[in-house]
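In the UniProt record's numbering, the protein residues as written are 1 to 143.
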């Protein structure tokens, strides 16, 4: 019989939150450029199938593979956002994904939270995103 810790090792929440923030700030914009997909105007997303390419030359094949993978990352981000609760989804979209990325102090004001409460919800949003993002594991586990 498996123990819960064996199946689900303990997550280092602080490190996971930092990894998710890095992904949303740096990796996601890069994937959007590679895939030629912009999700900054995300409201009610529609997920489409990615085209499949045939066998091509090495450089062309690598480029196609990168674009297809980047498209899958973007689609997975949309799915992960849909899996988050409403507050987390709003926070992640407003701060990291929306066309006009809102600074923390404005988002705090819009939600009506003080700094401590806002940080709690922002961290919770990042942890929910890590739980829902399936193409790459964004969790950092305790040793």
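Cβ atoms here follow ideal geometry from the backbone N, Cα and C, with glycine treated the same way. Here the structure is a predicted model, which is why all the values come from computation and not from measurement.
Item to check | For residue 38 and residue 32, believed in contact at Cβ under 8 Å, the rounded distance | outcome: Indexing the chain shown from 1 puts residue 32 at position 32. Indexing the chain shown from 1 puts residue 38 at position 38. About 6 Å; that satisfies the 8 Å criterion.
Next on the checklist: residue 16 and residue 127 - do their beta-carbons sit closer together than 8 Å?
Outcome noted: Along the chain shown, read from residue 1 onward, the residue named residue 127 stands at position 127. Along the chain shown, read from residue 1 onward, the residue named residue 16 stands at position 16. In this structure, residue 16 lies closer than 8 Å to residue 127 by Cβ.
Item to check | Beta-carbon proximity list for residue 102, same chain, < 7 Å, skipping 5 on both sides | outcome: Counted from its first residue, the chain shown places residue 102 at position 102. Contacts found: 94 and 95.
Checklist entry - Beta carbon of residue 8, beta carbon of residue 138: below 8 Å? => result Looking up residue 8 in the chain shown gives position 8. Looking up residue 138 in the chain shown gives position 138. No; because the gap between Cβ atoms is not below 8 Å, this pair is not in contact.
Checklist entry - How close, in whole Å, do the beta carbons of residue 132 and residue 70 come, if the pair is a contact with beta carbons under 8 Å? => result One-based indexing of the chain shown puts residue 132 at position 132. One-based indexing of the chain shown puts residue 70 at position 70. Incorrect: roughly 19 Å between the Cβ atoms, too far for contact.
Checklist entry - In this structure, what does DSSP give as the bridge partners for residue 95? => result Stepping through the chain shown from its first residue, residue 95 is reached at position 95. Partner(s): none; residue 95 has no beta bridge.
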